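Protein chains in written order, with the numbering used here: chain A, 12 to 157; chain B, 12 to 157.
Yeah, the Cβ is synthetic: ideal placement off N, Cα and C, and Gly gets one too.
Computed from a prediction, not measured in an experiment: that's the story for all the values here.
2 protein chains.
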Amino acid sequence: MPNNQFKKGELYSFITGKASTAIARNLQKRFNAAGLKITIEQWSVLYHLWKEDGKSQQELCSATFRDKPSITRLVDNLEKQQLVKRVPSESDRRINLIYVTRQAQKLQEETMALAEALLNEALEGVPPDRIDICKEVLQIVYDNLR
Amino acid sequence: MPNNQFKKGELYSFITGKASTAIARNLQKRFNAAGLKITIEQWSVLYHLWKEDGKSQQELCSATFRDKPSITRLVDNLEKQQLVKRVPSESDRRINLIYVTRQAQKLQEETMALAEALLNEALEGVPPDRIDICKEVLQIVYDNLR
DNA sequence: TTAGATTAGTTGTTTAACTAACTATATGCC
DNA sequence: GGCATATAGTTAGTTAAACAACTAATCTAA
Numbered sequence: 012m013p014n015n016q017f018k019k020g021e022l023y024s025f026i027t028g029k030a031s032t033a034i035a036r037n038l039q040k041r042f043n044a045a046g047l048k049i050t051i052e053q054w055s056v057l058y059h060l061w062k063e064d065g066k067s068q069q070e071l072c073s074a075t076f077r078d079k080p081s082i083t084r085l086v087d088n089l090e091k092q093q094l095v096k097r098v099p100s101e102s103d104r105r106i107n108l109i110y111v112t113r114q115a116q117k118l119q120e121e122t123m124a125l126a127e128a129l130l131n132e133a134l135e136g137v138p139p140d141r142i143d144i145c146k147e148v149l150q151i152v153y154d155n156l157r
Numbered sequence: 012m013p014n015n016q017f018k019k020g021e022l023y024s025f026i027t028g029k030a031s032t033a034i035a036r037n038l039q040k041r042f043n044a045a046g047l048k049i050t051i052e053q054w055s056v057l058y059h060l061w062k063e064d065g066k067s068q069q070e071l072c073s074a075t076f077r078d079k080p081s082i083t084r085l086v087d088n089l090e091k092q093q094l095v096k097r098v099p100s101e102s103d104r105r106i107n108l109i110y111v112t113r114q115a116q117k118l119q120e121e122t123m124a125l126a127e128a129l130l131n132e133a134l135e136g137v138p139p140d141r142i143d144i145c146k147e148v149l150q151i152v153y154d155n156l157r
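What follows is the structure, encoded as structure tokens:
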């Protein structure tokens, strides 16, 4: 028997990701309000480079769940803004290793603080155990569709 | 005391909507595979018109959580494909009322079946009460950010 | 050693999102 | 009635996503 939990109206918002769209849009507004000239998509790339840079574009694809052309263009734009630098790998010249610049490092603390503050507000009034369940369900959804 | 539930890696995927992106991408692939020439974004507009058409573009904005230019262009493209028709309102000539065509009606049953099947697969193995909690949390997130 | 397959990244095209600036119609107030 | 304001929708410009087709470098196996 199918696990059909979705009334029509809910189906729509689950598929279109109403909540995550609202989060991303809100975070973008906070960046703009703080005078940070960076898009959410660019931030999502820097996010992984801040953890450890010198990653290849291919590694950034997996980390951000984007395809290769998307990463090429995001890195293009980040490079234009002098936030990252492409460095051809010594050992395999097909590969570009991506490094963050000083200017990008400066962005880290401020943007991460804004992101954490946003999530705390978004989840205000939600008990921790329910947040955990939500995270688990979303992870299963993701895994089921791989 | 802040409700800071997010370890760094999870923060990213919550903000970028990994699960909903996967769902939308997967549904688009099913549409393509079935030979249905329609994008997810177009589908999300038709979805609301199938429930009741003759809605204004402004009403479609609220229903789909998009801004006005986005709806203008989605309706442009839907009209090009002869899936909807703009009809100027008699009572207020600023308003376009949007009606679905016969061809769009034909799409309804097939696309809705694909969407429901997808969600059933995505949520396979998740107990109903956990799905409910997940939906509730996402709704609260959305409401908190309005 | 070299021909074929694989991998990393780029380019072109279409669709879409967001912002800002715009036109046209309607409303409200004096 | 007429002017300010609000509302519905469009247009322009930038950024981004998905897909297909491409180049260049590397690997593999005969």
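What's the C-alpha gap between residue i and residue j?
{"i": "glutamate 101 (chain B)", "j": "phenylalanine 42 (chain B)", "result": "36 angstroms"}
{"i": "alanine 128 (chain B)", "j": "glutamate 70 (chain B)", "result": "28 angstroms"}
{"i": "proline 13 (chain A)", "j": "arginine 141 (chain A)", "result": "Note on proline 13 (chain A): pLDDT 47, under 50, position unreliable in the model; no value is reported."}
{"i": "glutamate 132 (chain B)", "j": "methionine 123 (chain B)", "result": "14 angstroms"}
{"i": "glutamine 150 (chain B)", "j": "leucine 149 (chain A)", "result": "14 angstroms"}
{"i": "asparagine 155 (chain A)", "j": "arginine 105 (chain B)", "result": "46 angstroms"}
{"i": "aspartate 143 (chain B)", "j": "aspartate 103 (chain A)", "result": "49 angstroms"}
{"i": "leucine 60 (chain B)", "j": "valine 111 (chain B)", "result": "7 angstroms"}
{"i": "glutamate 90 (chain B)", "j": "arginine 77 (chain B)", "result": "18 angstroms"}
{"i": "aspartate 64 (chain A)", "j": "valine 98 (chain A)", "result": "11 angstroms"}
{"i": "lysine 62 (chain B)", "j": "alanine 74 (chain B)", "result": "11 angstroms"}
{"i": "lysine 29 (chain A)", "j": "lysine 146 (chain A)", "result": "16 angstroms"}
{"i": "leucine 130 (chain A)", "j": "lysine 117 (chain A)", "result": "21 angstroms"}
{"i": "leucine 47 (chain B)", "j": "arginine 84 (chain B)", "result": "20 angstroms"}
{"i": "proline 80 (chain A)", "j": "cysteine 72 (chain B)", "result": "30 angstroms"}
{"i": "isoleucine 51 (chain B)", "j": "glycine 136 (chain B)", "result": "26 angstroms"}
{"i": "arginine 157 (chain A)", "j": "proline 139 (chain B)", "result": "22 angstroms"}
{"i": "arginine 113 (chain B)", "j": "lysine 66 (chain B)", "result": "17 angstroms"}
{"i": "leucine 134 (chain A)", "j": "leucine 134 (chain B)", "result": "23 angstroms"}
{"i": "lysine 40 (chain B)", "j": "lysine 40 (chain A)", "result": "31 angstroms"}
{"i": "asparagine 158 (chain A)", "j": "asparagine 88 (chain B)", "result": "Limits of chain A in this structure are 12 at one end and 157 at the other, which puts residue 158 (chain A) out of reach."}
Taking Cβ to Cβ, would you say residue i is nearer than 8 angstroms to residue j?
{"i": "valine 86 (chain A)", "j": "isoleucine 49 (chain A)", "result": "no"}
{"i": "glutamine 53 (chain B)", "j": "asparagine 107 (chain B)", "result": "no"}
{"i": "glutamate 120 (chain B)", "j": "alanine 45 (chain B)", "result": "no"}
{"i": "leucine 38 (chain B)", "j": "alanine 115 (chain B)", "result": "no"}
{"i": "serine 31 (chain B)", "j": "serine 55 (chain A)", "result": "no"}
{"i": "alanine 35 (chain B)", "j": "isoleucine 82 (chain A)", "result": "no"}
{"i": "valine 152 (chain A)", "j": "alanine 126 (chain B)", "result": "no"}
Which partner residues does residue i have in the DSSP bridge list?
{"i": "lysine 96 (chain A)", "result": "A:Tyr110"}
{"i": "lysine 66 (chain A)", "result": "A:Ile109"}
Review point. Touching or not, the region 94-108 of chain A and the region 21-28 of chain A, by the rule of three or more beta carbon pairs under 8 angstroms?
Key: Two segments are said to touch when three or more pairs of C-beta atoms, one from each, lie closer than 8 angstroms; by this definition the region 94-108 of chain A does not touch the region 21-28 of chain A.
Check your understanding: Just by C-beta distance, which residues in the region 63-90 of chain B are closer than 9 angstroms to chain A?
Key -> Within the region 63-90 of chain B, the residues whose Cβ lies closer than 9 angstroms to some Cβ of chain A are Ala74, Thr75, Phe76, listed in chain order.
Review point. In the region 18-42 of chain A, which residues sit with their C-beta less than 7 angstroms from some C-beta in chain B, listed in chain order?
Key: Of all residues in the region 18-42 of chain A, the ones placed with a Cβ closer than 7 angstroms to any Cβ belonging to chain B are Glu21, Leu22, Tyr23, Phe25, Ile26, Thr27, Gly28, Lys29, Ala30, Ser31, Thr32, Ala33, Ile34, Ala35, Asn37, Leu38, in chain order.
Point to revise | Proximal residues, the region 135-146 of chain B versus chain A, C-beta separation under 7 angstroms | key: Residues passing the 7 angstroms Cβ filter: Glu135, Gly136, Val137, Pro139, Arg141, Ile142, Ile144, Cys145, Lys146.
**Study point:** Residues within the region 93-127 of chain A neighbouring chain B, beta-carbon criterion of under 7 angstroms
**Key:** Correct list: Ala126, Glu127.
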